[in-house]
Amino acid sequence: MTIEKTLFAAADKMRGSMDPGEYKHVALGLLFLRYIGTAFQRKYDELLPEGEEVAEDVDEYLADGIFWVPEAARWSTLAANAKDKGIGVKVDNAMRAIEADNEQLKGALPKVFGRESLDPTIVTGLIDLFSNIKFDGTPKDFDLIGRIYEYFISEFASNEGKRGGDFHTPKPVVELIVDMIEPMKGRLYEPCCGSGSFMVQSERFLEHHKGRRADLAVYGQERNHTTYGLARMNLAIRGIVANIQWNAEGTLLRDAFPDEKFDFVMANPPFNISDWNGDILAEDRRWKFGTPPVGNANFAWMQHIYDKLGSTGIAGVVMANGSMSSMSSGEGDIRRAMVEAEAVDAMIALPGQLFYGTQIPACIWILAKDKSNGVAKDAKLRDRRGEVLFIDARKMGALVPGSRKQKELSRDEIARIATAYHAWRGEPDAGAYADEPGFCKAASIEEIAKHNYVLTPGRYVGAGAAEEDGEPFEEKFDRLTAELRAQFAEGRWLEKEIEARLEALS
Amino acid sequence: MKVGDGYRAKNSELGGNGLVFLRSAYLQDSGFRLDDPDRFQVAEPGKFGDKIACRGDSVITTKGNSTGRVGYVKGSVEGAVYSPHLSYWRSMDHRRIEPRFLYYWSRSAEFLDQLGGMAFSTDMAPYLSLRDQLRLEISLPEIGIQQGIAATLGALDDKIELNRRMSATLEEMARALYRSWFVDFAPVHARALGQTPAHMDATTVALFPDSFGPDGLPRGWEAGTLADLIEFNPKESLPKGTAAPYLEMKALPTSGMSADAPYLREFTSGTKFRERDTLLARITPCLENGKTAVVDDLLGSEIGWGSTEFIVMRAKPGISVALPYCIARDPDFRAEAIQTMTGSSGRQRADAKRISELNMAIALAPVHTAFSDIVSPMLDRVVAAGQEARNLASLRDALLPRLMSGELRIREAEKQVEEVV
Numbered sequence: 001m002t003i004e005k006t007l008f009a010a011a012d013k014m015r016g017s018m019d020p021g022e023y024k025h026v027a028l029g030l031l032f033l034r035y036i037g038t039a040f041q042r043k044y045d046e047l048l049p050e051g052e053e054v055a056e057d058v059d060e061y062l063a064d065g066i067f068w069v070p071e072a073a074r075w076s077t078l079a080a081n082a083k084d085k086g087i088g089v090k091v092d093n094a095m096r097a098i099e100a101d102n103e104q105l106k107g108a109l110p111k112v113f114g115r116e117s118l119d120p121t122i123v124t125g126l127i128d129l130f131s132n133i134k135f136d137g138t139p140k141d142f143d144l145i146g147r148i149y150e151y152f153i154s155e156f157a158s159n160e161g162k163r164g165g166d167f168h169t170p171k172p173v174v175e176l177i178v179d180m181i182e183p184m185k186g187r188l189y190e191p192c193c194g195s196g197s198f199m200v201q202s203e204r205f206l207e208h209h210k211g212r213r214a215d216l217a218v219y220g221q222e223r224n225h226t227t228y229g230l231a232r233m234n235l236a237i238r239g240i241v242a243n244i245q246w247n248a249e250g251t252l253l254r255d256a257f258p259d260e261k262f263d264f265v266m267a268n269p270p271f272n273i274s275d276w277n278g279d280i281l282a283e284d285r286r287w288k289f290g291t292p293p294v295g296n297a298n299f300a301w302m303q304h305i306y307d308k309l310g311s312t313g314i315a316g317v318v319m320a321n322g323s324m325s326s327m328s329s330g331e332g333d334i335r336r337a338m339v340e341a342e343a344v345d346a347m348i349a350l351p352g353q354l355f356y357g358t359q360i361p362a363c364i365w366i367l368a369k370d371k372s373n374g375v376a377k378d379a380k381l382r383d384r385r386g387e388v389l390f391i392d393a394r395k396m397g398a399l400v401p402g403s404r405k406q407k408e409l410s411r412d413e414i415a416r417i418a419t420a421y422h423a424w425r426g427e428p429d430a431g432a433y434a435d436e437p438g439f440c441k442a443a444s445i446e447e448i449a450k451h452n453y454v455l456t457p458g459r460y461v462g463a464g465a466a467e468e469d470g471e472p473f474e475e476k477f478d479r480l481t482a483e484l485r486a487q488f489a490e491g492r493w494l495e496k497e498i499e500a501r502l503e504a505l506s
Numbered sequence: 001m002k003v004g005d006g007y008r009a010k011n012s013e014l015g016g017n018g019l020v021f022l023r024s025a026y027l028q029d030s031g032f033r034l035d036d037p038d039r040f041q042v043a044e045p046g047k048f049g050d051k052i053a054c055r056g057d058s059v060i061t062t063k064g065n066s067t068g069r070v071g072y073v074k075g076s077v078e079g080a081v082y083s084p085h086l087s088y089w090r091s092m093d094h095r096r097i098e099p100r101f102l103y104y105w106s107r108s109a110e111f112l113d114q115l116g117g118m119a120f121s122t123d124m125a126p127y128l129s130l131r132d133q134l135r136l137e138i139s140l141p142e143i144g145i146q147q148g149i150a151a152t153l154g155a156l157d158d159k160i161e162l163n164r165r166m167s168a169t170l171e172e173m174a175r176a177l178y179r180s181w182f183v184d185f186a187p188v189h190a191r192a193l194g195q196t197p198a199h200m201d202a203t204t205v206a207l208f209p210d211s212f213g214p215d216g217l218p219r220g221w222e223a224g225t226l227a228d229l230i231e232f233n234p235k236e237s238l239p240k241g242t243a244a245p246y247l248e249m250k251a252l253p254t255s256g257m258s259a260d261a262p263y264l265r266e267f268t269s270g271t272k273f274r275e276r277d278t279l280l281a282r283i284t285p286c287l288e289n290g291k292t293a294v295v296d297d298l299l300g301s302e303i304g305w306g307s308t309e310f311i312v313m314r315a316k317p318g319i320s321v322a323l324p325y326c327i328a329r330d331p332d333f334r335a336e337a338i339q340t341m342t343g344s345s346g347r348q349r350a351d352a353k354r355i356s357e358l359n360m361a362i363a364l365a366p367v368h369t370a371f372s373d374i375v376s377p378m379l380d381r382v383v384a385a386g387q388e389a390r391n392l393a394s395l396r397d398a399l400l401p402r403l404m405s406g407e408l409r410i411r412e413a414e415k416q417v418e419e420v421v
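From first to last, the protein sequence lines are chains A and B.
Positions 1 to 506 (full-length UniProt numbering) are the ones given, in order, by the first sequence.
Positions 1 to 421 (full-length UniProt numbering) are the ones given, in order, by the second sequence.
Given below as structure tokens:
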């Protein structure tokens with residue numbers, strides 16, 4: 001049985017007694033304890049031959065980047081008491097004890113296990129389940145833990161519908177942005193970081209490309225406190241050191257890093273939010289391209305992000321499709337100003353059904369602080385002023401096996417998009433760039449002006465746009481005409497039949 | 001007669017492209033609706049034994065509030081696999097039981113009386129067990145009479161269903177034309193390439209330009225907004241307390257344009273509309289689900305009213321009444337309308353003002369006239385088909401009890417019976 005199946009079976013058992021969103025926090029909290037407990041135990045066993053005093057020395061653990069786990073919070077202690085009726089309270093206390101000894105986890109761990117509404121057998125069951133998962137206590141475990149985290153975050157995002165989607169960007173979308181902007185070294189920032197999937201993914205990207213973890217410093221801010229806890233556990237468990245901040249006002253109103261500039265920004269801000277305090281922020285200095293409408297925060301997010309970019313900074317932002325074409329409330333003017341000021345590097349139209357719980361298609365804006373230069377993987381980039389790259393990926397993606405609603409992009413599709421972008425901006429190992437009708441096009445600012453600064457890639461890449469549903473108009477109309485003729489004939493026959501039948505009634 | 005239940009499918013077996021898994025939810029009062037059905041991973045009919053729908057089966061829902069809803073298996077659902085919430089009745093000897101008669105019997109008073117005693121006999125949710133079904137008592141007339149009744153009522157039902165299919169075809173044609181002309185500019189592209197645009201006579205072809213202007217639009221057309229073509233929430237007055245035809249949200253379909261018939265209700269507050277206006281649901285999840293209709297049951301200049309959550313779209317003078325509907329059902333428009341939604345999740349509403357500001361290429365007036373000439377009769381036929389279907393259904397409902405009780409007889413059948421006896 002795969003780990004996903006085991007977890008699903010366990011979740012299924014609990015589904016009746018518990019809201020799935022809650023179950024996720026309970027299960028992930030315990031998984032966190034299980035992992036740091038194992039890592040701790042491993043180090044402990046290593047140190048024990050040198051004497052018990054050494055093994056109980058906090059500094060030995062900190063030096064190795066391992067969390068110090070006090071006696072009462074160790075997995076062995078909890079597992080031994082798993083059947084105890086008061087196990088929930090014990091787990092809560094364990095969480096508090098760990099936070100007390102590990103400054104960087106302060107406030108991040110859930111303390112929801114001792115509540116009366118939580119059946120203690122659920123905690124018992126999960127402790128037994130996690131005890132049976134074989135952990136090593138080393139980074140080797142990250143693959144398994146990563147899978148479990150991803151399972152919970154994505155599985156329950158899809159169950160919770162739209163709200164779940166708030167804190168989870170589907171993996172292929174994260175991979176696409178990471179592959180496009182290539183955060184190799186410098187400072188990475190996520191203004192609304194959710195569960196931290198962008199950050200985790202960029203660490204993976206670094207490993208794939210033999211970069212050094214220490215070369216990338218990670219910053220983030222999140223408004224939802226529960227999600228913030230999730231992000232910190234998600235990062236801590238992988239040993240990623242990140243500076244993540246929380247405040248109730250949110251990034252736009254109270255920026256946790258007001259004086260910082262970053263080399264990379266990745267974001268999937270909530271779409272089209274209207275309660276963003278736009279009236280209070282009307283005079284903000286960040287609105288370089290125009291004041292965003294009070295009723296929609298999309299362009300507030302984009303200008304905030306642009307403002308955070310350092311001199312060669314680059315950003316990938318997932319946005320509602322409306323942002324590419326909206327003309328209302330001055331959004332068209334902001335878009336025009338952004339294009340004219342060379343803030344927009346590339347636009348990618350994504351297929352629909354990529355996101356959990358909603359069918360709506362989205363797009364990616366790639367913003368660049370200075371298109372005349374830039375560095376990617378130590379190579380100097382081409383001067384791209386006067387041009388924007390448009391990529392239409394709407395026809396890409398296939399249904400996730402077993403799902404009727406959810407699509408994903410394949411590795412090859414992600415690579416095709418990223419390579420086109422890399423080639424266009426002149427990375428030496430990406431090959432030569434060429435427009436491809438129906439897929440990509442480097443359009444001049446004059447061309448964009450002709451389209452009234454509407455940035456929908458379909459308009460520029462041309463071709464194929466007429467065949468939205470795969471059936472060309474001519475064939476479709478032929479088919480429909482033939483069907484209609486047959487239906488008319490059948491109708492005439494049925495009318496005669498009905499008349500005869502009614503005639504026969506006495 | 002054989003009575004059986006459905007196949008208990010595991011989640012892991014579903015999600016493929018194999019046989020349809022016929023869920024009880026697909027069985028509506030109007031028959032089976034398979035818009036986007038669940039399918040099995042593999043198509044191995046052998047695995048499901050006799051739980052596969054056969055032409056002529058009568059199907060009944062056996063659990064939940066829809067218990068007792070019945071359907072009749074024809075081509076569209078033949079070969080699907082029944083879910084456990086459905087039971088089927090299959091005539092094993094068509095010389096003794098006419099299958100379609102069995103279906104009409106399941107809509108008769110005789111059956112409904114027995115169902116009332118069974119399905120709701122416990123305090124639990126309604127449930128009709130196989131054992132209960134085997135206890136049903138059927139009065140079977142002579143086979144000739146059964147055949148006569150089935151053929152008469154069946155012809156009416158077949159015509160109702162045909163009307164629905166015909167309307168769907170007409171509608172799809174109208175929407176395809178709309179996209180081709182106003183969104184994809186296919187006739188202009190064709191002319192620009194020196195080709196003859198498809199499905200168009202020479203006079204119509206001449207209405208389209210043969211090149212694009214610097215703004216990317218067909219030459220001579222203008223960049224505008226929907227508000228240039230459509231009036232959103234036009235002002236109408238209806239004094240409070242006047243009884244007027246009323247449409248609630250429930251009445252709007254998620255596909256097709258015919259709403260349920262309105263009923264008279266004293267006006268309090270809500271949206272007001274006239275014949276041939278398009279209604280678009282603006283609140284979540286109704287908008288996402290595609291709830292949209294064309295008002296088709298009002299007389300002359302009568303004013304109807306409905307849910308405050310409708311956006312009323314009325315064609316401006318010179319614009320086809322079908323255009324607002326074609327736009328409202330267009331996937332690109334719907335995606336953009338959904339983008340305008342604001343409000344807390346669960347109570348998100350689209351904004352009529354922002355929708356009216358969506359971009360639209362404004363064609364020359366003769367193009368709109370030509371579109372109207374082609375599409376308006378299609379729309380009229382759809383409306384007529386809907387009205388006809390309502391009449392056919394009330395005729396069927398009036399005949400059914402009288403035929404079943406023997407109060408009304410079919411001469412032909414009588415004669416046949418006499419000949420045999």
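Where a beta carbon is used, it is the ideal one built from N, C-alpha and C, also for glycine.
Source: prediction; values computed, not measured.
Given that a residue counts as buried once 16 or more other Cβ atoms are within 10 Å of its Cβ, and exposed if not, what is residue i?
i               : result
R347 of chain B : exposed
D158 of chain B : buried
E182 of chain A : buried
P187 of chain B : buried
Considering only residues of the same chain and omitting the five flanking positions on each side of residue i, which have a CB-CB separation below 8 Å?
i               : result
S444 of chain A : G386 and E387
V112 of chain A : E22, H25, V26, G29, D92 and L118
D332 of chain B : V183
A442 of chain A : E387, V388, L389, F390, W424, Y433 and D435
Expressed to the nearest angstrom, what Euclidean distance is found between the alpha-carbon atoms of residue i and residue j?
i                      : j               : result
residue 422 of chain B : R276 of chain B : Past the boundaries of the shown model lies residue 422 of chain B; chain B is included only from 1 to 421, so the question cannot be answered.
M92 of chain B         : N163 of chain B : 31 Å
A305 of chain B        : K308 of chain A : Residue 305 of chain B is actually Trp in this sequence, not Ala. Rounded to whole angstroms, W305 of chain B to K308 of chain A spans 51 Å at the Cα level.
A80 of chain A         : T38 of chain A  : 15 Å
R411 of chain B        : A500 of chain A : 11 Å
A281 of chain B        : G241 of chain B : 24 Å
A174 of chain B        : D380 of chain B : 12 Å
V344 of chain A        : W365 of chain A : 7 Å
M1 of chain B          : A370 of chain B : 57 Å
L115 of chain B        : G68 of chain B  : 7 Å
Less than 8 Å separating the beta-carbons of residue i and residue j?
i               : j               : result
V73 of chain B  : G46 of chain B  : no
P269 of chain A : W301 of chain A : yes
Y453 of chain A : R336 of chain A : yes
P245 of chain B : D297 of chain B : yes
If you compare alpha carbons, which of the options is closest to residue i?
i               : options                           : result
I143 of chain B : B:M173, B:G306, B:E98 and B:E161  : B:E98
A108 of chain A : A:I237, A:I280 and A:H422         : A:I237
L22 of chain B  : B:S30, B:S87, B:D29 and B:M1      : B:S87
R187 of chain A : A:A341, A:E260 and A:H209         : A:E260
F152 of chain A : A:K85, A:S372, A:L230 and A:G397  : A:L230
V81 of chain B  : B:G18, B:Y103 and B:T67           : B:G18
S405 of chain B : B:Y104, B:R135, B:R314 and B:G270 : B:Y104
Ignore the nearest five residues each way along the sequence and tell me which others in residue i's own chain have a CB closer than 7 Å to its CB.
i               : result
A259 of chain B : L247, A251, L252, P253 and A293
E175 of chain A : Q201 and I414
Once you ignore the five residues that flank residue i on each side, which residues in its own chain have a CB closer than 6 Å to its CB?
i               : result
F198 of chain A : V174, E190 and M266
W367 of chain A : For the record, residue 367 of chain A in the displayed sequence is Leu; it is not Trp. Cβ neighbours of L367 of chain A beyond the five flanking positions: Y306, A315 and A343.
D38 of chain B  : L14 and F21
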